[in-house]
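**Student:**
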Amino acid sequence: MNTKEVVALVEKLIELTQKNTIQWAVSDMHPSLSDMERVDTVFSAEYLGQNLRVYKCFYRHYRDEDEFYWLEDYRLETYDMNNHTLYVFPKTQNVKDLMDAVMYQNSKIEEFYKNIMGQ
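Everything in the sequence shown is counted per the numbering used here, starting at 1236 for the first residue and increasing by one.
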């Protein structure tokens, strides 16, 4: 799968998320990461027979041997029912956009806005 195909696939996932065709939920099935990485909230969904998860993680970037700072990264992957990562999609800029759409969907902020504004 080349970068152009991954970008198109992620754009489709964003569209399906915004239309509520795909329902994402906070997941307690976190991916296995190295000691050099930390994970933020993980969201998962099942769609077309695939278990998908998207999450923001942080990894150490060393300036010196003992001095580092955290950089963020966004990942989209598939996994099995035993929480084993099956495939990590190549990095593309729009995975962050997918994460934003998933967070918006899960926050229920649109419903909150309508309720508070009396709509």
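Ideal placement from N, C-alpha and C gives every residue a C-beta, glycine not left out. From a predicted model like this one, the values you see are computed outputs, not experimental measurements.
1. Applying the criterion that 16 or more other CB atoms from any shown protein chain within 10 Å of the CB defines a buried residue, is Q1253 buried or exposed?
2. Within the chosen definition, does the stretch 1273 to 1286 reach the stretch 1253 to 1265 through at least 3 CB pairs nearer than 8 Å?
3. Can you tell which of N1255, H1296, F1347 and F1324 has its C-alpha closest to the C-alpha of T1238?
4. Could you tell me the alpha carbon to alpha carbon distance between E1272 and Y1304, rounded to whole angstroms?
5. Should L1311 go down as buried or exposed, given a rule of 16 or more other Cβ atoms within 10 Å for buried?
6. Excluding sequence positions up to five away, which residues of its chain have a Cβ less than 7 Å from the Cβ of Y1339?
7. Between which two residues does the beta strand (DSSP E) containing Q1285 stretch?
8. Starting from the N-terminal side, write out each stretch of the beta strand (DSSP E) that is 3 residues or longer and does not extend beyond the stretch 1252 to 1340.
9. Between the Cα of M1316 and those of V1242, V1241 and R1288, spot the shortest distance and give me the residue it belongs to.
10. Go through its chain and collect everything with a Cβ distance to H1296's Cβ below 8 Å, but skip five positions before and after it.
11. For K1343, does the three-state DSSP call read helix, strand or coil?
**Tutor:** In brief:
1. Exposed, because fewer than 16 other Cβ atoms sit within 10 Å of the Cβ of Q1253.
2. Yes, since at least three Cβ pairs between the stretch 1273 to 1286 and the stretch 1253 to 1265 fall closer than 8 Å, the two stretches touch.
3. When each option's Cα is compared against that of T1238, the closest is F1324.
4. A direct Cα-to-Cα measurement between E1272 and Y1304 gives close to 11 Å.
5. By the neighbour-count rule (16 or more Cβ atoms within 10 Å), L1311 is buried.
6. Counting only residues of its own chain and dropping the five nearest sequence neighbours on each side, Y1339 has no CB closer than 7 Å to any other CB.
7. Where Q1285 is concerned, the enclosing beta strand (DSSP E) stretches over Q1285 to Y1297.
8. Within the stretch 1252 to 1340, complete beta strand (DSSP E) segments of at least 3 residues are found at 1260 to 1262, 1272 to 1282, 1285 to 1297, 1303 to 1314 and 1320 to 1323, given in chain order.
9. Measuring from the Cα of M1316, the nearest candidate turns out to be R1288.
10. Within the same chain, H1296 has close Cβ partners F1303, Y1304, W1305 and L1306.
11. K1343 falls in the coil class under three-state DSSP.
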